[in-house]
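In UniProt numbering, the protein residues as written are 1 to 153.
Think of the CB as a built atom: it goes at the ideal place given N, C-alpha and C, for glycine as much as any other residue.
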């Protein structure tokens, strides 16, 4: 679907992630899908060129299963969110909070999420506003409290 919308790099990352996940868990693609899969991969390789295709594939292949799912689903969160609080955070903002909680800096977060460091900073600014915080330290503390209070979110 990403490939049909012109998001070639995104489509290849998802293909790369799916192939790596299949390899890790020892499953194979259903034979019924082989022709369509090969057609899609060939078309993407032709549109992007070999070097860009391989780079995007490798970016997807290093994602964990959870990261790959989040990457494929990003931007598909609920459309009507409250203006403040944890429920106000977008999926991308939640990803940034999770990675801040893991101790990553903006550059590392940007690399993991395939965005620029400026985009990470923008997400953090929105998170601070929505949660009424003013610093990364406060965010890490609040995220830890939130995780303890609601372990399934």
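{"Check": "Between which two residues does the alpha helix (DSSP H) containing residue 15 stretch?", "Outcome": "8 to 25"}
{"Check": "Can you tell me whether DSSP reads residue 102 as helix, strand or coil?", "Outcome": "coil"}
{"Check": "Just to confirm, does residue 18 get its C-beta within under 7 Å of one of the non-hydrogen atoms of the ligand ADP?", "Outcome": "Absence of the ligand ADP from the depicted structure is noted, as is the absence of any ligand whatsoever, leaving it without description."}
{"Check": "Quick check on residue 117: does DSSP put it in helix, strand or coil?", "Outcome": "helix"}
{"Check": "In three-state DSSP terms, what is residue 107?", "Outcome": "helix"}
{"Check": "Give the straight-line distance between the Cα atoms of residue 82 and residue 125, rounded to the nearest whole angstrom.", "Outcome": "17 Å"}
{"Check": "Residue range of the alpha helix (DSSP H) that residue 88 falls in?", "Outcome": "Note, residue 88: premise wrong, no alpha helix (DSSP H); not H, not E."}
{"Check": "Give the straight-line distance between the Cα atoms of residue 20 and residue 120, rounded to the nearest whole angstrom.", "Outcome": "26 Å"}
{"Check": "I'd like to check one pair, residue 26 with residue 56: are the Cβ atoms closer than 8 Å?", "Outcome": "no"}
{"Check": "Smallest Cα separation from residue 7: which of 24, 22, 40?", "Outcome": "40"}
{"Check": "Provide the residue span of the alpha helix (DSSP H) that contains residue 44, from first to last.", "Outcome": "34 to 48"}
{"Check": "Count the C-beta pairs between the region 135 to 145 and the region 87 to 103 that are closer than 8 Å, then say yes if the count reaches three, no if not.", "Outcome": "yes"}
{"Check": "Count the other CB atoms, across all protein chains shown, that sit within 10 Å of the CB of residue 4; report buried if there are 16 or more and exposed otherwise.", "Outcome": "Residue placement at residue 4 is flagged as unreliable, the pLDDT there being 48, under the threshold of 50; the coordinate-derived value follows with that caveat. With fewer than 16 other Cβ atoms within 10 Å, it is exposed."}
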